[in-house]
Amino acid sequence: MKIPLDYLCVKSGLLCNRCQSLVDSGEVDPFEVKVMEALLELEDTQFKELKDSTYYKSIKVNNLLILLVGSGPSMTIQKWIKVAKALQDKLGMKVRIIEKSSNIKSSAVQLLSPARVLGVNTVWLPDGSVQYVIRVSRNERRLLPADAVSLESILSKIHDTRVRIRVE
């Protein structure tokens with residue numbers, strides 16, 4: 000698996016100057032080192048298919064961990080679900096794996112499943128900025144993996160823009 004830090008640094012737990020500067024600058028969070036270590040361990044033992052995949056970022060909100068990844072040709076959704084379950088057992092928190100995408104709707108669909116996304120509206124604000132409103136059915140509110148505020152902050156961090164979730 001391709002990761003932003005050196006393999007040797009992640010496996011040993013001692014970071015070189017380059018990796019330490021990435022952690023100090025905030026580009027890589029300290030908890031992400033443990034996540035990368037767990038992913039590399041899973042690649043070595045159970046999931047050889049992870050070799051062609053790319054790890055981009057982890058976002059941790061409350062007891063929910065979101066991983067942004069790029070899939071290799073041999074990785075399917077079912078295999079990512081198995082990887083997420085193995086990571087849940089290793090890290091002791093709920094894990095969601097999302098394919099990195101510039102499309103807000105595809106990210107929302109992956110993050111909010113099993114709840115269905117009715118649509119994504121673009122709201123142009125008077126100050127010239129853009130806000131996206133993701134619409135979810137009222138009946139499916141209970142199917143959301145976390146509370147709406149946490150999910151809004153996750154999607155906002157992923158896409159660097161304001162995102163709201165509206166239950167209707």
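Sequential numbering from 0 applies to the sequence shown in numbering that gives the first Met the number 0. Each residue gets a CB set at the ideal place from its N, CA and C atoms; glycine is no exception. These numbers were taken from a predicted model, which means no experiment stands behind them.
Spatial distance of residue i from residue j (CA atoms)
| i | j | result |
| --- | --- | --- |
| Arg140 | Leu154 | 17 Å |
| Pro72 | Asp88 | 26 Å |
| Pro3 | Ile157 | 17 Å |
| Ala107 | Met0 | 24 Å |
| Thr75 | Val162 | 28 Å |
| Lys56 | Met92 | 17 Å |
Pair within 7 Å by beta-carbon distance, residue i and residue j
| i | j | result |
| --- | --- | --- |
| Lys99 | Leu67 | yes |
| Ala114 | Val135 | yes |
| Val119 | Ile103 | yes |
| Val9 | Glu36 | yes |
Bridge-paired residues (DSSP) for residue i
| i | result |
| --- | --- |
| Leu13 | Beta-bridge pairing links Leu13 to no other residue. |
| Gly69 | Thr53 |
| Gly118 | Arg134 |
| Trp79 | DSSP, once it has assigned bridges, lists no residue as partnering Trp79. |
Identity of the residue in the options nearest residue i by Cα
| i | options | result |
| --- | --- | --- |
| Asp160 | Pro144, Leu49, Val122 and Cys15 | Here residue 160 is Thr; the residue named in the question, Asp, does not match the sequence. For the residues Pro144, Leu49, Val122 and Cys15, the minimum Cα distance to Thr160 belongs to Val122. |
| Gln45 | Lys78, Ser105, Ser11 and Phe30 | Lys78 |
Contact set for residue i: own chain, Cβ-Cβ below 8 Å, skip 5 residues either direction
| i | result |
| --- | --- |
| Lys33 | Leu90 |
| Glu31 | Lys56 and Ser57 |
beta-carbon residue i near the ligand COA non-hydrogen atom, thresh 6 Å
| i | result |
| --- | --- |
| Leu13 | What this structure holds is no ligand at all, so the ligand COA is not there to describe. |
Sequence-distant residues of its chain with Cβ nearer than 7 Å to residue i (five each side left out)
| i | result |
| --- | --- |
| Asp5 | Cys15 and Cys18 |
| Leu150 | Leu110, Leu111, Leu143 and Ile164 |
| Ile105 | Going by the sequence as given, residue 105 is Ser instead of Ile. Answer for Ser105: no residue qualifies. |
Own chain partners of residue i with C-beta closer than 6 Å, once the 5 adjacent residues on each side are dropped
| i | result |
| --- | --- |
| Thr53 | Lys1 and Gly69 |
| Leu178 | Nothing about residue 178 can be reported from this structure: the residues present for the chain run from 0 to 167 only. |
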